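Heads up, the thing below is written out as structure tokens.
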Amino acid sequence: MVKRCIICNQVLTKENDSPEHIFLKSLGDKDPKWGLLCKGCNNYLGTYIDQPFMKIFEPLYRTVSGKTEKVRMDFSDGHQYIVQIKNGVLDESFKPLAVNPIVEKNDTEFNAKFLNTDEAKKFMEKIKKRYEKKGKHVEQKLTSKMVDPKITGDKFSLTPSIDEFVFVLEVVKIQTEYLHSINYQVKNGSFLYGDLVFRPMVNHFDDAVATKRNLGIMKQWTWRMFENVIIPMGLTNTPIAMPLKQGYSEARVIDDITGKTGEKVEFTVINLMGLITIWVPVLTADNLVNLFGGAAMFLNPYDTREYE
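The opening position of the sequence shown corresponds to residue 55 in the working numbering, with each subsequent residue numbered one higher.
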């Protein structure tokens, strides 16, 4: 059977076939799939979708990477600190480091926030040496009582920032590649929106202007997807048939939800690293109509004629 790239549709050969980690290798995908993407499309999606996504997912990934990692986290007092963590467990022997704790009022006065007195004294010594290099003498003293709190895991929390554009494109990419990898059969002559979304994006590998324009058009669609699909449906509990596995990513298709038309609606349930579970309907016109009724028309990707 002839295999074609699911993005550009060219025939895949030994020379241009490329192994694709559907969930990204760094997100626990150790089983790359062949017969999905050509090298050019794989590289393009990696540059414009996977790499930006990993930047926003990196803090979460570090908490379960299996390695001892330093992670920026929010302390219960509202300030941020660098803490040491491994497999979701805080290393309480590591003294957290304050993130941007200093507000310089003038040459000699500072407002500063520290987690402990040792950290405050180190900062004061650093400031003293800096001024000595300039030939200046500075007197320092602690103007408020410093208390060394006990550092426990429940005092820290991680608040990831989500770029909705990057997040939606990665979710759609995962769904599209996963469904192709299991030979998902689209019903009633419909098509996967992911095929329509990504195909025009890779029309100009070497044309930065066209690439920027096409990505700009996609931002409007991803915003509608994020607000109407990902947020209200996406972040929820994992079904019993798909238990969370820390440090491992996977997906399943389920069809036990009834939509507005009374028909069953198919969902792809995507779990990333045992940290985030995303429910997203299989993105075909028929499936979205079954879920939303007539409102589904507002979730159609832009006509490909709008792309260069």
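All C-beta atoms, glycine included, are put in the ideal place defined by N, C-alpha and C.
Given the structure is predicted, the values throughout are model-derived calculations rather than measurements.
Query, Result
"Given that a residue counts as buried once 16 or more other Cβ atoms are within 10 Å of its Cβ, and exposed if not, what is V226?", "buried"
"Hey, how far is the Cα of H75 from the Cα of M327?", "14 Å"
"In chain order, what are the residue ranges of uninterrupted alpha helix (DSSP H) at least 4 long that sit wholly in the stretch 106–144?", "none"
"Secondary structure at S211, three-state DSSP: helix, strand or coil?", "strand"
"Rounded to whole angstroms, how far is the Cβ of P335 from the Cβ of V319, which I believe are closer than 8 Å?", "6 Å"
"Please return the same chain residues whose Cβ sits closer than 6 Å to the Cβ of I294, not counting the five positions on each side in sequence.", "Because the pLDDT of I294 is 45, which lies under 50, any placement of that residue in the model is unreliable, and the number read from its coordinates should be weighed accordingly. Cβ within range, chain order: n/a, list empty."
"Starting from the Cα of V65, find the closest Cα among C92, G82, S147, K79 and give me that residue.", "C92"
"Residues in the same chain with beta-carbon distance under 7 Å from S130, minus the five sequence neighbours each way, listed in chain order, please.", "K209"
"Please classify V56 as buried or exposed, where buried requires at least 16 other C-beta atoms within 10 Å of its C-beta.", "exposed"
"Just list the residues that DSSP pairs P335 with in beta bridges.", "F321"
"For the beta strand (DSSP E) holding K87, just list the boundary residues, first then last.", "87–92"
"As a quick exercise: from K68, K176, L81, L151, pick the residue whose alpha carbon is nearest that of A305.", "L81"
"List the residues that DSSP assigns as beta-bridge partners of V371.", "The requested residue 371 does not occur in the structure, where the chain is confined to residues 55 to 362."
"With DSSP collapsed to three states, give me the class of P254.", "helix"
"Starting from T312, trace the beta strand (DSSP E) both ways and give me its first and last residue.", "304–312"
"At a cut of 8 Å, does the stretch 336–347 reach the stretch 237–247 through at least three beta carbon pairs?", "yes"
"Within 8 Å, do at least three Cβ pairs link the stretch 219–235 to the stretch 266–285?", "yes"
"Could you round the C-beta distance between T122 and Q138 to whole angstroms and report it? I think they count as a contact, below 8 Å.", "6 Å"
"Look up V343 in the DSSP assignment and say whether it is helix, strand or coil.", "helix"
"Would you tell me roughly how many angstroms separate the C-alpha atoms of N96 and K87, rounded to the nearest one?", "12 Å"
"Flag this pair as yes or no: are the beta carbons of N242 and L353 separated by less than 8 Å?", "no"
"T230 and I60 - do their beta-carbons sit closer together than 8 Å?", "yes"
"Compare the C-beta of V323 with all C-beta atoms of chain B and state if any pair is closer than 8 Å.", "In the displayed structure, chain B is absent; only one protein chain is listed."
"Expressed to the nearest angstrom, what Euclidean distance is found between the alpha-carbon atoms of T338 and Y238?", "12 Å"
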